[in-house]
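What follows is a single structure, written as structure tokens, with notes after it.
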Amino acid sequence: MIFVTLGTQDKNFDRLLVAIDREIKKGNIKGKVIVQAGITDFHSDDMEIFDLIPKDEFENLMKKCDLLITHGGVGSILTGLSHGKKVIAAARLSKYKEHINDHQVQIVQDFAKKGYILELSDFSKLDEVLEKSKKFKPKKYKSNTMNMIKMLEDYIDNL
């Protein structure tokens, strides 16, 4: 099963769903596709699309999915990685009015460069990225949270 998450942005991101729908119709995606679309209004006979999914159900879908396709939000990417999932991430772009700036480009590129995820930058090549995902072995993500907390504690202690 493929789980698609578009985040909770107040902007549409149907460009990604159009690409996924096209690959379903071409036969490159054969399994079940479940989408948390947020405010993105998109209809497909081939995907189960929900605005928002309750936290428990979201967690269950994350555990069960074979592949996560998501926008370039750090939270969505880290959630997939913390569950040990293969992640394909696509940045929302300001030129399509999907976001107010292009910070997700850098986020996706950085995670991809480090071997954690696969980047989808050209939506017409989703078929190639899907094929690559079959053999992709994501690098295990190690959180830096404890180092950040220690750094903040040291800073506060030295004020």
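The sequence shown stops at residue 178 when you use our numbering, and every number in between is there.
Ideal Cβ positions, reconstructed from N, Cα and C, are used throughout, including at glycine.
Worksheet entry | Proximity to LEU100 [Cα-Cα], best of TYR135, THR89, ILE72 | Within the sequence shown, the letter at position 81 stands for residue 100. Taking each of TYR135, THR89, ILE72 in turn and checking the Cα distance to LEU100, the smallest one comes out for TYR135.
Item to complete: State the start and end residues of the unbroken beta strand (DSSP E) segment that holds ALA109.
Response: Position 90 of the sequence shown, counted from the start, is the residue given in the question as residue 109. 105–109 is the span of the beta strand (DSSP E), which, as asked, contains ALA109.
Fill in: Start-to-end residues for the alpha helix (DSSP H) that takes in HIS102
Locating residue 102 in the sequence shown gives position 83, counting from the first residue. Unbroken run through HIS102: none, as it is neither H nor E.
Item to complete: Work out the CA separation of ASP176 and ASP85 for me, nearest whole Å.
Response: Position 66 of the sequence shown, counted from the first residue, corresponds to residue 85. Position 157 of the sequence shown, counted from the first residue, corresponds to residue 176. If I take the Cα positions, the gap works out to 45 Å.
Discussion item. In chain order, what are the residue ranges of uninterrupted alpha helix (DSSP H) at least 4 long that sit wholly in the segment 72–100?
Written reply: 74–83
Worksheet item: Is the Cβ-Cβ distance between LYS30 and HIS118 less than 8 Å?
Response: Here residue 30 refers to the residue found at position 11 when the sequence shown is read from its first residue. Here residue 118 refers to the residue found at position 99 when the sequence shown is read from its first residue. Yes, these two residues count as a Cβ contact at 8 Å.
Item to complete: State the start and end residues of the unbroken beta strand (DSSP E) segment that holds THR164.
Response: The count along the sequence shown starts at 1 and reaches residue 164 at position 145. Segment 164–176 is the alpha helix (DSSP H) holding THR164; no beta strand (DSSP E) there.
Worksheet item: Would you call the CB atoms of LEU80 and PHE130 closer than 8 Å?
Response: For the purposes of this step, residue 80 is taken as residue 61 along the sequence shown, with counting starting at 1. For the purposes of this step, residue 130 is taken as residue 111 along the sequence shown, with counting starting at 1. Result no, Cβ atoms of LEU80 and PHE130 do not sit closer than 8 Å.
Practice prompt. Just the C-alpha distance for LEU35 and LYS169, rounded to the nearest angstrom, thanks.
Written response: Within the sequence shown, the letter at position 16 stands for residue 35. Within the sequence shown, the letter at position 150 stands for residue 169. Rounded to the nearest angstrom, the two C-alpha atoms are 39 Å apart.
Discussion item. Do HIS90 and LEU25 count as a contact pair if the criterion is CB distance below 8 Å?
Written reply: Counting from 1 along the sequence shown, the entry for residue 25 is found at position 6. Counting from 1 along the sequence shown, the entry for residue 90 is found at position 71. In this structure, the beta-carbon distance from LEU25 to HIS90 falls below 8 Å.
Item to complete: Leaving aside the five residues before and after LEU137 along the sequence, list all residues of the same chain whose C-beta is less than 8 Å from its C-beta, in chain order.
Response: If you number the sequence shown from 1, residue 137 lands on position 118. Contacts found: LYS105, VAL106, ILE107, ALA108, ALA131, VAL148, LYS151, SER152, PHE155.
Item to complete: Answer yes or no: do ILE88 and ILE53 have a C-beta to C-beta separation smaller than 8 Å?
Response: The residue labelled residue 88 in the question sits at position 69 within the sequence shown. The residue labelled residue 53 in the question sits at position 34 within the sequence shown. Not closer than 8 Å, so no.
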